[in-house]
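Q: The structure's right below; bear with me while I get my questions together.
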Amino acid sequence: MTSIVRPAMGRRLARRAGAYAALAAMVPKTLFVYNWSVWAQLIQNVVSLVVYVYFWRAVYAGTPTIAGIDLQTTLTYILMARIFRPLANIDLIFEFGWRLRDGGFAMLLVRPVDLQLGYYVQGLANLGVALVRQLPVVLLATLVFGLRWPSDPLVWAVFILSALLGRSLFFCVDWILGTLTFYTTETWGLRELFQGLTNFLTGGLVPLDLMPGWLRLMALATPFAQAVYVPVALLSGLAPLADAPRLLVGQLLWLLGLAGVSRLFFGRAIRHVTVQGG
Amino acid sequence: MPKAQHTIEKHHASERSTLQMLRYLRLYRYFLEQQFKIAVEYRSNFIIGAVGALFVNGASLLTLGVVMGQIPSLNGWTLEEVLLIYGLVLLSRSLSQMFTENLWQVGGYVQEGSFDRFLVRPINPLFQLLAERLDSAGVGNFVIGLVLVLSAGRALDIFSPFNVVYLTAAVLSGGTIFFALNLITSASAFWIIDSTAVSAAVFENFRFAHYPLSIYPRAINWMLTWVIPYGFASYYPASFLLGRDIGPMAWLSPLVAGVLVVLGYRLWGVGLRRYAGTG
């Protein structure tokens, strides 16, 4: 009996996995399509990186440490935070908005794959593409601004785990933000709004350790900090390795909570959808 | 007799150009009315767009406040002084963003062949392109920039009648510099079709102008003064207003803006004559 069921189940599972793999495989194809937004993004990243380096150097010109942190540590953190910025990419506001307008949403809903899981897998592939595209920024930071990468493999292992958790939980945030377009039908301003929040609260502009106590606590109480600050703090040495277990468990809890909330949110919001042009 | 004839012709010409200008002003009002209707119809979009600008700048400003609260000065500039620089660049940028943001679309229009529609109407194509959009984020940036300049200026006590005139001229020049650089880079679409990356490559350098140029190395300083002169939109006017000795740089903003805009319009004209359509 079991011997008959198992291969059938295995086939079904394999087919399932194959469907998601196919979704993810579509993404790298976009790697080589350098449309203007990619160039614009890259240029913005490069300019911002240079601005921040000189800004922070000027900040530290008159003082050896701020809040007990020296220039080298801050710069290492800031450069890495710029490089791993795609961990907190807001993708779904435009995606949902666009699907709503062109009527594609109806098609997505009838596909035999879980919509959220499909987007999640695609999001991971997107992250890979975005990180490869950051290569010029990595080279600039390393060769011109002397960014030193950690050599301890354990640090890297912890970072990768933390970055994956961070991206996963931020995907849920992104998902919730995306569903807001079902109510507003507006995308650009909404994305700008959350981009501002994200830039600040992820610790992408300033290490949270330099913020006044109340602001740091507030930022740490949001999922944004979990997405970029936590992994980059671990990689840059701002957070000691001994803190890793506590930080990782924290991220995991955030992920579980947000995954539940995001599904609830979508279930509610989807009733508001008016598919246009479909 | 020929002299009189000449005078009459000249008179007619100036009358024609006055009429032409009135016609364009009337048309612009008409375009603005349409924009206003859109803004009212999609009210939440307009508000979210403006508030979005507030959040993006809020993040940078909060960072600046947080960091500068812990140090005496940034390269000899106090928080208020840096805020004045930041506010000036924001104001200048917002002017071009509000009224000329549609330049970013030129590459796309040329690519998909829809640029032709600007050529079949009896209005200046550039005028028509620009008048078609009033950007809500620009409105947001304008308000934030104005608040920053007013509050920083008050704290620094720089508002003498002369300085207010100087400030207005500086912001108008700054806005023109933003517009002119964008015009030059957008005109490249007539040669390379998709100009947006070129526009971005030049435009994004405005981020340097958020802070005193003195924090950057000489090469970047030079670039922001003579190549992509965003320095004239913020750093140089702010330096003058704060009584720092920067020599003739204090007076060059209108000249730089004028030269750039003439250059940009010429290039646009050359490109337009070259344009053959792609669709």
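Going line by line, the protein sequences match chains B and U. In terms of my numbering, the first sequence has 318 at position 110, counting the first letter as 1, and numbering is strictly consecutive. In terms of my numbering, the second sequence has 596 at position 216, counting the first letter as 1, and numbering is strictly consecutive. Idealized CB from N, CA, C, for every residue including glycine. Source: prediction; values computed, not measured.
#1: Which chain U residues are close to B/Trp-306, counting only those with a beta carbon under 8 Å from its beta carbon?
#2: Find the residues of chain B that neighbour U/Gln-485, judging by a C-beta separation of less than 9 Å, and give them in chain order.
#3: Looking at the unbroken alpha helix (DSSP H) that takes in B/Tyr-391, where does it start and where does it end?
#4: Could you check if U/Trp-606 is buried or exposed, using at least 16 other CB atoms within 10 Å of its CB as the buried criterion?
#5: Would you please verify whether the beta carbon of B/Ala-266 is less than 9 Å from any beta carbon of chain U?
#6: Which bits of chain B does U/Pro-452 rub up against, with CB to CB less than 7 Å?
#7: May I ask you to list the residues that DSSP assigns as paired with U/Ile-600?
#8: With burial defined as no fewer than 16 other Cβ atoms inside 10 Å of the residue's Cβ, what is the status of U/Ser-397: buried or exposed?
#9: If you draw a straight line from the alpha carbon of B/Ala-429 to that of B/Met-419, how long is it in whole angstroms?
#10: How is B/Asp-278 classed by DSSP in three states: helix, strand or coil?
#11: Identify which residue in U/Arg-497, U/Leu-514, U/Asn-504, U/Val-544 has its Cα closest to the Cα of U/Ser-474.
#12: Could you please tell me which residues of the segment 558-586 of chain U, in chain order, have their CB closer than 7 Å to any CB of chain B?
#13: Determine, using beta carbons only, whether B/Trp-383 comes closer than 9 Å to chain U.
#14: If you drop the 5 nearest sequence neighbours on each side, which residues of the same chain put their C-beta closer than 7 Å to that of B/Asn-250?
#15: Measuring CB to CB, does U/Tyr-655 end up less than 9 Å from U/Val-469?
#16: Pick from U/Leu-463, U/Met-401, U/Leu-640, U/Arg-403: whose alpha carbon is nearest that of U/Ser-531?
#17: Is the CB of B/Thr-392 under 9 Å away from at least one CB in chain U?
#18: What residues from chain U crowd round B/Trp-364, counting only those whose CB sits closer than 8 Å?
#19: Below 9 Å between beta carbons: does that hold for U/Gly-660 and U/Leu-510?
#20: I'd like to check one pair, U/Val-582 with U/Ile-608: are the Cβ atoms closer than 9 Å?
#21: Please return the same chain residues whose Cβ sits closer than 7 Å to the Cβ of U/Tyr-596, not counting the five positions on each side in sequence.
#22: Are any of the Cβ atoms in chain U nearer than 9 Å to that of B/Gly-486?
#23: Who are the Cβ neighbours of U/Ala-557 in its own chain at under 8 Å, not counting the five residues just before and after it?
#24: Roughly how many angstroms lie between the CA atoms of B/Leu-221 and B/Ala-233, to the nearest whole one?
#25: Can you look up B/Thr-273 in the DSSP assignment and give me helix, strand or coil?
#26: Keeping to the same chain, check which residues put their C-beta closer than 6 Å to that of U/Ser-553; ignore five residues upstream and five downstream.
#27: Among the candidates B/Arg-399, B/Val-352, B/Val-346, whose CA atom is the shortest distance from the CA of B/Ile-291?
#28: Where does B/Gly-486 fall in DSSP's three states?
#29: Strictly by DSSP, which residues pair up with U/Leu-454?
#30: Would the beta-carbon of B/Pro-415 fall within 9 Å of that of B/Thr-282?
#31: Determine, for B/Gly-276, whether the minimum Cβ-Cβ distance to residues of chain U falls below 9 Å.
#32: At a CB-CB cut-off below 7 Å, which residues of chain B make contact with U/Leu-442?
#33: Between which two residues does the alpha helix (DSSP H) harbouring B/Asp-310 extend?
#34: Can the beta-carbon of U/Glu-512 be found less than 9 Å from the beta-carbon of U/Phe-411?
#35: Spell out whether any CB of chain U is found under 9 Å from the CB atom of B/Ala-400.
#36: Going by CA-CA distance only, name the one from B/Gly-374, B/Leu-332, B/Ser-370, B/Glu-394 that's closest to B/Leu-308.
A: Let me lay it out:
#1: Near B/Trp-306 there are no residues of chain U at all, since even the closest Cβ is about 15 Å away, more than 8 Å.
#2: By Cβ distance, chain B contributes nothing, its closest Cβ being about 11 Å from U/Gln-485, past 9 Å.
#3: 361-392
#4: exposed
#5: yes
#6: Chain B residues near U/Pro-452: Gly-270.
#7: The partner list for U/Ile-600 (beta bridge, DSSP) is empty, contrary to what the question assumes.
#8: exposed
#9: 14 Å
#10: strand
#11: U/Leu-514
#12: With the criterion set as a beta carbon lying under 7 Å from some beta carbon of chain B, the members of the segment 558-586 of chain U are Asp-574, Thr-576, Ala-577, Ala-580, Ala-581, Glu-584, Asn-585, in sequence order.
#13: no
#14: The sequence as given places Leu at residue 250 of chain B; Asn does not occur at that position. Contacts found: Arg-341, Pro-344.
#15: Their beta carbons are not under 9 Å apart, which means U/Tyr-655 does not touch U/Val-469 by this criterion.
#16: U/Leu-463
#17: With 9 Å as the cut-off, B/Thr-392 counts as an interface residue toward chain U.
#18: Result: empty, since nearest Cβ-Cβ is about 29 Å, beyond 8 Å.
#19: Only positions 381 to 659 of chain U appear in the structure, and residue 660 of chain U is not among them; the question remains open.
#20: yes
#21: Phe-588
#22: For B/Gly-486, the pLDDT reaches just 43, beneath the cut-off of 50, and the residue's location in the model is therefore unreliable, leaving the point undetermined.
#23: Residue identity differs from the one stated: residue 557 of chain U is Ile in this sequence, not Ala. Closer than 8 Å at the Cβ level, and outside the excluded window around U/Ile-557, lie Ser-472, Pro-609, Tyr-610, Phe-612, Ala-613, Ser-633, Val-636, Ala-637, Leu-640.
#24: 18 Å
#25: Three-state DSSP puts B/Thr-273 in a strand.
#26: The residues are Ser-633, Pro-634, Ala-637.
#27: B/Val-346
#28: Low local confidence applies: a pLDDT of 43 at B/Gly-486 is under 50, so the model's placement there is unreliable, and no value is given.
#29: U/Trp-457
#30: yes
#31: Answer no: the Cβ-Cβ gap between B/Gly-276 and chain U never drops below 9 Å.
#32: Phe-408
#33: 300-310
#34: yes
#35: A small correction: the amino acid at residue 400 of chain B is Glu; Ala does not occupy that position in the sequence shown. Yes, B/Glu-400 counts as interfacial toward chain U.
#36: B/Leu-308 has its Cα closest to that of B/Glu-394, out of B/Gly-374, B/Leu-332, B/Ser-370, B/Glu-394.
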